[in-house]
């Protein structure tokens, strides 16, 4: 009880400090402002940070007439645009002489900097501490050095600890004795922070002679690491591009591979999936994150139904005439494109990315994994696994495989092949729709979305070997990685051309793809 | 099909087709020249050029019919050969502009000056001479088709696989020609042509001549295809279409037959492209787009495969419909085209020619 009371009292005192502090800095006298800053610091209020940061950037102004503090956004001749300190979106335009800057000098700046740095360095979250050290590494002065040393004594997180040590080492490298410099180079060779590389670079070029070689060696070690992470990044980009390709192609692998019918409207089924995402998002404007999850089954259903319609309406009449099927489904694709153009207008629609999809996972300063690419890879693998399960472990899968291997025999065993055809086609189309959901997060959604993926999808299926899901996975991933590896060397377009030419040549060597079907089913 | 029996080169259909083609060509030119502009029978030069364009498409369709209808190779990349022929002609026309370009450079075409290139790339040399350009019109598509076919047919890539890699071929070429570094004008392509062999491309007389040339080329191309179809080579092609393995077991070199007919067809497509470019006044990478190539196949499918004249009819009907719809009802065009694909393949497997034949058989 007493503790609570004491707490409440403390809290009230802090609140008063904060309010009084704000009053004091709303002044033209430096001495008063200084007192105000002291009060704000004493209050430890998290809201104080905004004001202090604005002061540091010389952006904190006072409205002379209305006696309130505002944040400068931009200057425009005799006018200024200012924002509310607590809400940056509330802006107003004022005459220049209506506002005056809150005075500040270098000493006060130093105080504020020291306060903010020490507050960040003692923050509870290790990621805040880490970010603070990383920010301070670029410009280490006496003040930062002191704070680093202080913090190092109590720091427990190894990453932050190492960063603090490298900060101290940076100072030693610049100002320390020779033996200290040697130890510093040794330590800094493990770091990937850009300021560390800069100082080592400086040392290797213009430092004392006996240190130059060592610094160069440490630098080479770092560069090796950077190159390695750059390689990893390319592989990661390649995998994410490959996942997109696999997602786009895997539905085709089912309809083309298992049923042997070429569906040129496959791209448009992807497009329909993407538009479904767009519509669902319009229906749930307040829950973007959830709408994406709802969109997956919805897109599966919509595209799947359209696929079944195509199968029943067109493809079933063209059994055993693959080239005609190709032409007819191409016609269907044109109709679907125009339909979307008439309904949604020919303009591109952008689908919003939910918060949990944006941002990146920072592994280290030179290697970050963006969440949307990461999720696409996982999503692709999940869809693949699910599909694999359906085809291998369910009754439908058994029947699909039976029909694809020997239609007449399957019919004789009582499989209703018409049914199976429609469902297979629906499954493949539904997966295309799911791919559309993923694509809507990467590109704009427009009527031509499908067209740009149809050729790539065919390439993946043909490269992997028709009728083989594993082949599609391997082919998609390897084409994705090959593309991303070539891109820095040759440019994006040329990389794509090279990959196409490679596939054309590959088909000459292995006309049935990477993993050809074996046995009787393989014969035409 | 009726063509599988021994046939003379000039069978009944060929004679009818050639007569109709010559009569219409003469009539069109006469109507353009003899009647004054306000007469109801007058055909404006614009329409003549449009018809000339259709004739180029028709020649292309005949080339496709030769390999698809008679040999069973569905090429989804014939637009590439057409466009290459067009580019060869376009390069000649570009060189003819000379100092009359916007930048007035005597040697470099405008787009190269714009890209700050200092000299002509090696592959542009020689295109200032018409005979060289004309040779390239057939050689470039021919060589590409030969190399592609040599690789493909020998490794026995057939059916759907073949269709898909021909599509990849034209797609790769499209991407390549879109690049400025290729030296073919990037996505603007080649345009602003002034004259051909000294004749002003804008003048009515040149346009009439181009129309007439297209008609003659179509006629000659048609006769050449008839020659092939009626010869032993043509009958082997039919055998390949109907039973490839059996033909091979009998002892025919299937690869060679395919290769030569495919190459010839590509050259024909190149000629069609070369005649097309001066009439429309532009060639750009869009001609390589896979969509175009598929559309061409539909002309043939609609007209009727393995008849040659069906291909001509299909090309003209579809393109006339396209001109009409994209002008009058642009929204409807893709619905109509898409519907056409579906209806033709399901209900008219033998195309318009099949309908005509059925009628004849009944009568």
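Chains as they are written, first to last, in my numbering: chain A, 3 to 526; chain B, -10 to 352. By construction, the Cβ of each residue, glycine as well, lies at the ideal position given by its N, Cα and C atoms.
- Comparing C-alpha distances from residue 510 of chain A to each of B/184, B/295, B/155, B/286 shows the shortest one belongs to B/155.
- Among the CB atoms of chain A, none fall inside 8 Å of the CB of residue 306 of chain B.
- Burial of residue 322 of chain B is indicated by the presence of at least 16 other C-beta atoms within 10 angstroms of its C-beta.
- In the three-state DSSP reduction, residue 357 of chain A falls in the helix class (H, G or I).
- Within the DSSP secondary-structure output, residue 271 of chain B pairs in a beta bridge with B/180.
- Using a Cβ-Cβ cut-off of 9 Å, residue 270 of chain A is close to nothing in chain B; its nearest Cβ partner there is about 10 Å away.
- Listed along chain A are 495, each with a C-beta nearer than 9 Å to that of residue 167 of chain B.
- With a threshold of 16 other beta carbon atoms within 10 Å, residue 151 of chain A falls short and is exposed.
- For residue 370 of chain A, the enclosing beta strand (DSSP E) covers residues 369 to 372.
- Non-local C-beta neighbours of residue 40 of chain B in its own chain, meaning closer than 7 Å and more than five positions away in sequence, comprise 17, 200, ordered along the chain.
- Per DSSP, residue 95 of chain A is one residue of the beta strand (DSSP E) stretching across 93 to 97.
- Think of a sphere of 7 Å around the beta carbon of residue 154 of chain B: the chain A residues whose beta carbon falls inside it are 506, 509, in chain order.
- Considering only beta carbons, the part of the segment 107 to 141 of chain B lying closer than 7 Å to chain A consists of 140, 141, in chain order.
- Look at residue 231 of chain B here: in three-state DSSP terms it is helix.
- Inter-segment contact for the segment 251 to 263 of chain B and the segment 291 to 311 of chain B is absent: fewer than three beta-carbon pairs are separated by less than 8 Å.
- In this structure, the straight-line span from the alpha carbon of residue 81 of chain A to that of residue 88 of chain A is close to 22 Å.
- Chain-order list of chain A residues neighbouring residue 144 of chain B: 509, 510, 511, 512, 513, by C-beta distance under 9 Å.
- Within the segment 454 to 478 of chain A, 457, 460, 461, 464 place their CB atoms closer than 8 Å to a CB of chain B, listed in sequence order.
- In terms of beta-carbon proximity, residue 129 of chain A stays away from the interface with chain B, with every pair separated by 8 Å or more.
- The Cβ of residue 148 of chain B sits closer than 8 Å to at least one Cβ of chain A.
- For the pair residue 221 of chain A and residue 202 of chain A, the CB atoms are nearer than the 8 Å cut-off.
- Interface annotation for the segment 273 to 296 of chain B against chain A: 279, 283, 286, 287, 290, criterion Cβ-Cβ distance under 7 Å.
- Residue 65 of chain A sits in a strand when the DSSP states are folded into three classes.
- In this chain, residue 223 of chain A is not harboured by any beta strand (DSSP E); it is covered by the alpha helix (DSSP H) spanning 211 to 254.
- Chain-order list of chain A residues neighbouring residue 312 of chain B: empty, with the shortest C-beta distance near 17 Å, by a criterion of under 7 Å.
- Within chain A, the C-beta atoms nearer than 7 Å to that of residue 160 of chain B come from 457, 502, in chain order.
- Counting only Cβ-Cβ distances below 7 Å, residue 324 of chain A has contacts in chain B at 148, 149, in chain order.
- Here the segment 323 to 341 of chain B makes contact with the segment 292 to 305 of chain B; the two share three or more CB pairs at distances below 8 Å.
- Separation of the CB atoms of residue 230 of chain B and residue 60 of chain B is rounded to 5 Å, and the pair is thereby assigned contact status at 8 Å.
- When the alpha-carbon of residue 268 of chain A is set against those of A/279, A/278, A/283, A/252, the nearest one is in A/252.
- In this structure, residue 69 of chain B keeps its C-beta atom at 8 Å or more from the C-beta atom of residue 251 of chain B.
- By the 16-neighbour rule on beta-carbons within 10 angstroms, residue 129 of chain A is exposed.
- Nearest C-alpha to residue 516 of chain A among A/495, A/160, A/461, A/491: A/461.
- C-alpha of residue 94 of chain B to C-alpha of residue 102 of chain B: approximately 8 Å in a straight line.
- Neighbours of residue 331 of chain B in chain A, taken as residues at a C-beta separation under 7 Å, are given in chain order as 316, 330, 333, 334.
- If you ignore the 5 residues before and after residue 96 of chain B, its C-beta comes within less than 7 Å of the C-beta of 109, all in its own chain and listed in chain order.
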